[in-house]
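Colleague: Read the sequence shown against the working numbering and you will find it ends at 429, with the numbers running on by one and no gaps.
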Amino acid sequence: MDYKAIKGTKDILPGESYVWQDIENKARGVFSSFGYEEIRTPVIEETALFIKSVGENTDIVSKEMFSFVDRGERNISLRPEGTAPVVRAYIENNLDKISQFQKLYYMGPMFRAERPQAGRMRQFHQIGVEAIGSTHPALDAEVIRLLAAILDSVGIKDYSLKLNNLGCADDKKKLSGALKEALSDKEKALCDDCKKRVKLNPLRVLDCKNENCKTIIRGSFKAAKFLCEDCDAHFKEVLKYLDSLNIKYTIDPYIVRGLDYYTKTVFEVTHGSLGSQDAIGAGGRYDNLTSSMGGPAVGACGFALGLDRIMLALEKTSGEKAQKPRLDVFISTLGENACSKAFTILDALRSSGVSGDMDYEKKSLKAQMRTADRLGARFVLIIGEDELARGEAVLRNMATKEQASVKFEELVNTIKERAK
Ligand SMILES: [Zn+2]
Ligand SMILES: [Zn+2]
């Protein structure tokens, strides 16, 4: 074999793709029921968009983006996340002029050049929402409820939700300053990344996965006395709304999520089956992002779920598995004349809404029956020279093994009736 998929990417094959579709379809159903509409943005964007929004000194932007200069000397990146593109689209297309408040969802691949491991691919897939245009605390709770509803609908159980309140830009500045101060005499013991972070963007030390850094940071810094009255009140309201829906959560003052744009509520959903990469979804509020990108000053809140991790969690738990879609009817033929007849019958069946297929490999009848089995066909229609001469086909119910002869002209109605 001369060619292989790029490191950190993978093919999603038919034996698996129906499970992905099942999750996507269930998510779409939940989104509709919450009043969210789909938005599809390009996978490539100007690199500057992510530097401005996600933040220059975040791991995502400084280490993980797939960036390149195109033939027109433009700096372009494969999107590493979905929020910045959606906010860009909201502003560029003046969606706020239609209705300032927009509830949007997206599904698709994202790209980050991390070291590939279980549950962490370089092309990974996210389902996410961005509700742009409201600062209401009920929206934070709705977005969290929506995330839970999707996990429920796809059969993910035993996940846990952690919340934190980052506060507004001023609060974050105070938090940042406090972190810097708390770590000033411990800098030498931190990892090289954290040494830089303390100088350039102290909040990002809380993202560090290094156990030594975690211990030092948590030992020298006890969080959250930095919230202004407004931000404190907002978070209390969010919790009240969550309580009103009996949503269980824990407060974790060290959750900051690795993106600069978050303000106030941030949250993370983890699943025990996933090992060290246990985050299955995360999100939060980003009240300054839209205005910082040249759009209206509106509040916003969103989340992204990792589809690859949902798949892993489903594999590792004994949840209900998606059923592979079945075929209504498979037509087995013997001989070229039967094949021609079957070809038109098949088309009539498909046009009437019956799903069907036939043999294109000149296989033996026995082998064709195996194909029908593999496709999960509920009925097999057998047409050979004898049937052709009589103007009828043998209709076999694969579950009951019952067979009956049906006239060609009655086939569509008969099968339509039985396949209901
Ligand atoms: Zn504040
Ligand atoms: Zn570190």
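Where is the CB? At the ideal position from N, CA and C, for every residue including glycine.
Please read these numbers as outputs of a predicted model, since none were measured by experiment.
(1) Tell me the rounded alpha-carbon separation between Leu-22 and Ile-48.
(2) Applying the 10 Å Cβ sphere with the 16-neighbour rule, what's the burial state of Thr-5?
(3) In the DSSP assignment, the alpha helix (DSSP H) including Ala-398 goes from what residue to what residue?
(4) Tell me whether Leu-199 counts as near ligand 2, meaning its Cβ is closer than 7 Å to at least one heavy atom of that ligand.
(5) Terminal residues of the continuous alpha helix (DSSP H) containing Glu-246?
(6) May I ask whether a heavy atom of ligand 1 can be found less than 7 Å away from the beta carbon of Cys-310?
(7) Less than 7 Å separating the Cβ of Asp-68 from some heavy atom of ligand 2?
(8) Report the three-state DSSP secondary structure of Ala-288 (helix, strand or coil).
(9) Whose CA, out of Gly-344, Arg-97, Gly-365, lies closest to the CA of Ile-354?
(10) Rounded to whole angstroms, what is the Cα-Cα separation between Asp-317 and Phe-417?
(11) Would Val-52 and Ile-60 be called neighbours here (beta carbons separated by less than 8 Å)?
(12) Could you check how far apart the C-beta atoms of Asp-430 and Gly-142 are, in whole angstroms? I think they sit under 8 Å.
(13) CA-CA distance, Pro-305 and Val-95?
(14) For ligand 1, which residues have a Cβ under 6 Å from at least one heavy atom, in chain order?
(15) Report the three-state DSSP secondary structure of Phe-230 (helix, strand or coil).
(16) Can you name, in chain order, every residue of its own chain whose Cβ lies under 6 Å from the Cβ of Asn-102, other than the five neighbours on each side?
(17) Rounded to a whole number of angstroms, what is the C-alpha to C-alpha distance between Ala-98 and Asp-296?
(18) Could you please give the first and the last residue of the uninterrupted alpha helix (DSSP H) stretch that includes Asp-161?
(19) Around the C-beta of Asn-210, are 16 or more other C-beta atoms found within 10 angstroms, so that it is buried, or is it exposed?
(20) Would the beta-carbon of Ile-226 fall within 8 Å of that of Val-214?
(21) Tell me which residue opens and which closes the beta strand (DSSP E) that Glu-54 is part of.
(22) Counting only runs that start and end within the stretch 265-313, where is the beta strand (DSSP E) found for 3 or more residues in a row?
(23) Would you give the residue range spanned by the beta strand (DSSP E) that Ala-140 belongs to?
(24) So, using beta-carbon positions, are Ile-391 and Ser-349 closer together than 8 Å?
(25) Kindly provide the ranges of any beta strand (DSSP E) runs that are 3 or more residues long and lie completely inside the stretch 56-129, ordered along the chain.
Modeller: In brief:
(1) Taking the sequence shown and counting its residues from 1, the one referred to as residue 22 is at position 13. Taking the sequence shown and counting its residues from 1, the one referred to as residue 48 is at position 39. Cα to Cα, the separation comes out at about 26 Å.
(2) Given a span of 10 to 429 for the chain in the structure shown, any question on residue 5 remains unanswerable.
(3) If you number the sequence shown from 1, residue 398 lands on position 389. It spans 394-399 - the alpha helix (DSSP H) in which Ala-398 sits, taken as one unbroken run.
(4) Taking the first residue of the sequence shown as position 1, residue 199 is located at position 190. Within the cutoff, so yes.
(5) By 1-based counting over the sequence shown, the position of residue 246 is 237. 238-253 is the span of the alpha helix (DSSP H), which, as asked, contains Glu-246.
(6) For this step, residue 310 is matched to residue 301 along the sequence shown. Checking every heavy atom of ligand 1 against the Cβ of Cys-310, none is found closer than 7 Å.
(7) Looking up residue 68 in the sequence shown gives position 59. No, the Cβ of Asp-68 stays beyond 7 Å of every heavy atom of ligand 2.
(8) Residue numbering aside, residue 288 sits at position 279 when the sequence shown is read from its first letter. Strand, per DSSP.
(9) For the purposes of this step, residue 354 is identified with residue 345 of the sequence shown, where counting begins at 1. Selected option, being the one with the closest Cα: Gly-365.
(10) Position 308 of the sequence shown, counted from the first residue, corresponds to residue 317. Position 408 of the sequence shown, counted from the first residue, corresponds to residue 417. If I take the Cα positions, the gap works out to 47 Å.
(11) Mapped onto the sequence shown, residue 52 falls at position 43. Mapped onto the sequence shown, residue 60 falls at position 51. Pairing Val-52 with Ile-60 gives a Cβ-Cβ distance that is not under 8 Å.
(12) One cannot answer for residue 430 here, as it falls past the ends of the chain, which runs 10 to 429.
(13) Position 296 of the sequence shown, counting from 1, holds the residue named residue 305. Position 86 of the sequence shown, counting from 1, holds the residue named residue 95. Cα to Cα, Pro-305 sits roughly 14 Å from Val-95.
(14) Summarising the contact set, residues whose Cβ lies nearer than 6 Å to any heavy atom of ligand 1 are, in chain order, Gly-176, Cys-177, Asp-179, Asp-180, Leu-236, Cys-237, Asp-239, Cys-240.
(15) Position 221 of the sequence shown, counted from the start, is the residue given in the question as residue 230. DSSP places Phe-230 in coil when its eight states are reduced to three.
(16) Residue numbering aside, residue 102 sits at position 93 when the sequence shown is read from its first letter. Apart from the 5 residues on each side of it in sequence, Asn-102 has no Cβ closer than 6 Å to any other Cβ in its chain.
(17) Numbered from its first residue, the sequence shown carries residue 98 at position 89. Numbered from its first residue, the sequence shown carries residue 296 at position 287. In this structure, the alpha-carbon of Ala-98 lies about 17 Å from that of Asp-296.
(18) Here residue 161 refers to the residue found at position 152 of the sequence shown. First-last of the alpha helix (DSSP H) with Asp-161: 146-163.
(19) Counted from its first residue, the sequence shown places residue 210 at position 201. Asn-210 is buried by the Cβ-count criterion.
(20) Reading the sequence shown from its first residue, position 217 is the one you call residue 226. Reading the sequence shown from its first residue, position 205 is the one you call residue 214. Yes; because the gap between Cβ atoms is below 8 Å, this pair is in contact.
(21) In the sequence shown, the residue the question calls residue 54 occupies position 45. Counting along the chain, Glu-54 sits inside the beta strand (DSSP E) bounded by residues 53-55.
(22) With a minimum length of 3 residues, the continuous beta strand (DSSP E) runs that stay inside the stretch 265-313 are 272-280, 288-294.
(23) Here residue 140 refers to the residue found at position 131 of the sequence shown. 132-141 is the span of the beta strand (DSSP E), which, as asked, contains Ala-140.
(24) In the sequence shown, the residue the question calls residue 391 occupies position 382. In the sequence shown, the residue the question calls residue 349 occupies position 340. Between Ile-391 and Ser-349, the C-beta spacing is not below 8 Å.
(25) Considered as a whole, the stretch 56-129 harbours 76-78, 84-87, 111-120 as its complete beta strand (DSSP E) runs of no fewer than 3 residues, in chain order.
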